[in-house]
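Those letters in the sequence shown? Residues 1 to 182, per full-length UniProt numbering, in order. Backbone N, C-alpha and C define an ideal beta-carbon position, used for all residues, glycine too. Comments concern the structure below.
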Amino acid sequence: MGVHVHEHCLKMARREDGTPWWSAFPEPSSSPVKITWSEVARLLQDRDQSQPREFLLVDTRRTDCIGGTIQGSLNIPAHSFYLMRVMLYDLCKQAGIKRIVFYCGSSNGRGPRCAAWMQDYINSVSDGSGSDYESDSGCSAEMTTQVMVGGIRGWVKAYGGEMMEGYDEKTWEHPKPDEETY
Numbered sequence: 001m002g003v004h005v006h007e008h009c010l011k012m013a014r015r016e017d018g019t020p021w022w023s024a025f026p027e028p029s030s031s032p033v034k035i036t037w038s039e040v041a042r043l044l045q046d047r048d049q050s051q052p053r054e055f056l057l058v059d060t061r062r063t064d065c066i067g068g069t070i071q072g073s074l075n076i077p078a079h080s081f082y083l084m085r086v087m088l089y090d091l092c093k094q095a096g097i098k099r100i101v102f103y104c105g106s107s108n109g110r111g112p113r114c115a116a117w118m119q120d121y122i123n124s125v126s127d128g129s130g131s132d133y134e135s136d137s138g139c140s141a142e143m144t145t146q147v148m149v150g151g152i153r154g155w156v157k158a159y160g161g162e163m164m165e166g167y168d169e170k171t172w173e174h175p176k177p178d179e180e181t182y
């Protein structure tokens, strides 16, 4: 993903031996669908409170998960996500979740990587015939992943603290670069 990465971000995204944190896991093969922050806002606003949610927001930030998170998001840091994807799938399936929307600081690294790992897993548990799981787009009709374009930074630019939990305005006055970009 051709993204400019600041040197201090690269340093934090690497293990002691110099390899990136994600190198211990398989390279994802899926390319998750993108969703805009305005579409995510619409999902939150249009949600019927009397019905169970059919979507889940997953914030993949770790120590840079300051300044707040989008309302109802589950924080699963990217560095531990690969090992948690099976459990997340099981929980989402039991809860009737149809869409899992991932984001990180800017959704240029951690969010897309985790969404791809999750979509790879969803695809792997399909029956392969396409009858129960695959739609015309190749995504699981039962459950699919998406990446929120612009991440939490895009959200805050558009909405400030609206529909956020733990919003801290001072954090966003001079935001630090993503800690773990990709």
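- The C-beta distance from valine 149 to isoleucine 35 rounds to 7 Å, short enough to fall under 8 Å.
- Distance check between cysteine 114 and each of Ala95, Leu56 and Phe81 places Phe81 closest, using alpha-carbon atoms only.
- Contact check for tyrosine 167 against glycine 68 passes: the beta carbons are separated by less than 7 Å.
- Serine 29 and arginine 85 have their C-alpha atoms some 15 Å from each other.
- Glutamine 45 sits in a helix when the DSSP states are folded into three classes.
- With contacts defined as CB atoms closer than 7 Å, threonine 145 and isoleucine 76 fail to qualify as a contacting pair.
- Asparagine 108 has no beta-bridge partner at all, per DSSP.
- Secondary structure of phenylalanine 102 (DSSP, three-state): strand.
- A Cβ-Cβ contact shorter than 7 Å links phenylalanine 102 with glycine 111.
- Taking a C-beta distance under 7 Å as the contact criterion, glycine 105 and arginine 153 qualify as a contact pair.
- Cβ-Cβ distances below 6 Å link glutamine 119 to Ser30, Pro32 and Thr145 in the same chain, with the five nearest sequence neighbours on each side left out; the list follows chain order.
- Contact between serine 107 and glycine 151 holds, since their C-beta atoms are separated by about 4 Å, short of 8 Å.
- Assigned with DSSP and collapsed to three states, aspartate 90 falls in helix.
- The alpha carbon of proline 52 has as its nearest neighbour, out of Trp22, Pro20, Glu169 and Lys98, the alpha carbon of Lys98.
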